[in-house]
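Asker: In the numbering used here, the protein residues as written are 573 to 696.
Please find one structure pasted underneath; my questions will follow.
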């Protein structure tokens, strides 16, 4: 028996020895081709910000949680108070304090923001 007979073959060719490093098996993404994305602009202080009030419309009829799309705003009350946002099929975020909460189902009132915010007059 020769040494070649004991080596593993694949389709008649010698197979490359397996390595324990699993990362070599998966193709790596070429990071040079990834487009750099800009960061979000931020205000330096509250003095650099404008005070803005938004008007919104709340549906009069409650809808099922499952019929609400991801990233749609809703409220648990018909007057639209304490708005929240659905972020996944089982999670919502309260907009007032950005706290996430798990949701299994239920009924809520869809809230829609108007297209144009109402800006307060600058104080002199």
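We treat Cβ as the ideally placed atom computed from N, Cα and C, and that holds for glycine.
As the structure is a prediction and not an experimental result, all values here were calculated from the model.
Go ahead and pull the three-state DSSP assignment for residue 638.
Answerer: Residue 638 falls in the helix class under three-state DSSP.
Asker: Under a three-way DSSP split, which group does residue 618 fall into?
Answerer: Three-state result, residue 618: helix.
Asker: Residue 666 bridges to which residues according to DSSP?
Answerer: Paired residue(s): 656.
Asker: Among residues of its own chain, excluding the 5 on either side of residue 651, which ones have a beta-carbon nearer than 8 Å to its beta-carbon?
Answerer: Contacts found: 630.
Asker: At which residues does the beta strand (DSSP E) containing residue 682 begin and terminate?
Answerer: 679 to 685 is the extent of the beta strand (DSSP E) around residue 682.
Asker: Out of 610, 675, 656, point me to the one whose CA is closest to residue 669's CA.
Answerer: Comparing Cα positions, the closest option is 656.
Asker: Throw me the rounded Cβ distance for the residue 640 and residue 682 pair, which I believe falls under 8 Å.
Answerer: About 7 Å separates the two Cβ atoms, so the contact holds.
Asker: Using CA atoms only, rank isn't needed, just tell me which of 605, 620, 678 is closest to residue 646.
Answerer: For residue 646, the nearest C-alpha among the options comes from 678.
Asker: Please confirm whether residue 662 and residue 674 have their CB atoms less than 7 Å apart.
Answerer: Yes. Within cutoff.
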